[in-house]
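Report on one structure; see the data block that follows.
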Amino acid sequence: MGEKMKLNLNLKQDELKCEQCGSPINEGNAYTEEKNGKIHYFCCSHCAEKYFSKHGENI
Ligand SMILES: [Zn+2]
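Note that the sequence shown ends on residue 59 in the UniProt record's numbering; no numbers are left out.
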């Protein structure tokens, strides 16, 4: 029984959305990034990059 995915998502909280563009996130497209102990959810790495360049490390 290996891990299904590397991502450790808790999708029981329904309605996860990309914090950058607002797209719905599912197990197939989820991209997560941890900053300061908080996990941020995105639909792709590009959105994560945009988000963090906009908000800096101060989130
Ligand atoms: Zn996005």
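All residues carry an ideal CB built from backbone N, CA and C; glycine is no exception.
Small disclaimer: the values here were computed from a predicted structure and weren't measured.
How big is the Cα-Cα spacing for residue i and residue j?
i   : j   : result
S53 : G28 : 25 Å
E15 : N26 : 9 Å
C21 : G37 : 22 Å
Would you say the beta carbon of residue i is closer than 6 Å to some non-hydrogen atom of ligand 1?
i   : result
F42 : yes
S23 : yes
With DSSP collapsed to three states, give me the class of residue i.
i   : result
E34 : strand
Quick one, are the C-beta atoms of residue i and residue j less than 7 Å apart?
i   : j   : result
K17 : P24 : yes
E19 : H46 : no
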